[in-house]
């Protein structure tokens, strides 16, 4: 069984185009285009590993599949739900995935943008080159089980 996932990343949610002093809701279109140029769109077809016995015997009986969105466009898939406070393993995986890319600066205005434009462009190019969309050890496990190829596209 394969899961198709599509997602959009708004890397700078606090950065809004300035409003214009006109009637109605009007924003600077040039700023809006610059902001939108940094949005990222991803999709991936991921083969699902067999569910654990606690999730059911067959894919038809699995009650819950959870997709965890980690840093650097990484995904991790689990079955079932997790009780509050039992998520330490996922925080470790998030920390592991954060090491794959440079942290983004905080951008909230065009002044911040102009000051950090070279860094923003370098980070955007770096993230476009990260080949995997799921944790590397998950990819290795699927390769060992013969369940690849995993195709990803932007």
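In my numbering, the protein residues as written are -15 to 138.
Using N, Cα and C, we set each Cβ at its ideal position, and we do this for glycine too.
Every value quoted in this text rests on a predicted model; they were computed, and no experiment measured them.
Quick one, are the C-beta atoms of residue i and residue j less than 8 angstroms apart?
i, j, result
"residue 62", "residue 31", "no"
"residue 92", "residue -1", "yes"
"residue 21", "residue -11", "no"
"residue 23", "residue -6", "yes"
"residue 25", "residue 52", "no"
"residue 56", "residue 125", "no"
"residue 107", "residue 86", "yes"
"residue 58", "residue 90", "no"
Skipping 5 residues on each side, what residues in its chain have a beta carbon closer than 7 angstroms to that of residue i?
i, result
"residue 1", "11, 12, 15, 16, 19"
"residue 78", "54, 55"
"residue 137", "Because residue 137 sits at a pLDDT of 47, beneath the cut-off of 50, its placement in the model cannot be relied upon, and the following sentence gives the value as read from the coordinates. Answer for residue 137: 27, listed in chain order."
"residue 100", "89, 91"
"residue 135", "Any reading at residue 135 must be qualified, since the residue scores a pLDDT of 46, below 50, and its modelled position is unreliable; no value is offered."
"residue 9", "none"
"residue 94", "15"
Going by DSSP, what residues sit across from residue i in a beta bridge?
i, result
"residue 3", "11"
"residue 60", "52"
"residue -7", "24"
In terms of residue numbering, what span does the beta strand (DSSP E) encompassing residue i cover?
i, result
"residue 49", "49 to 53"
Could you spell out where the alpha helix (DSSP H) holding residue i opens and where it closes?
i, result
"residue 84", "No alpha helix (DSSP H) contains residue 84, which DSSP labels as neither H nor E."
"residue 103", "94 to 112"
In chain order, what residues of the same chain have a beta carbon less than 6 angstroms from the beta carbon of residue i, not counting five sequence neighbours either side?
i, result
"residue -9", "26"
"residue 50", "62"
Within the same chain, show all residues whose beta-carbon is closer than 8 angstroms to that of residue i, passing over the 5 residues directly before and after it, in chain order.
i, result
"residue 96", "-1, 89, 90"
Chain D beta carbons: is any one of them nearer than 8 angstroms to that of residue i?
i, result
"residue 104", "The structure shown has no chain D; it contains just one protein chain."
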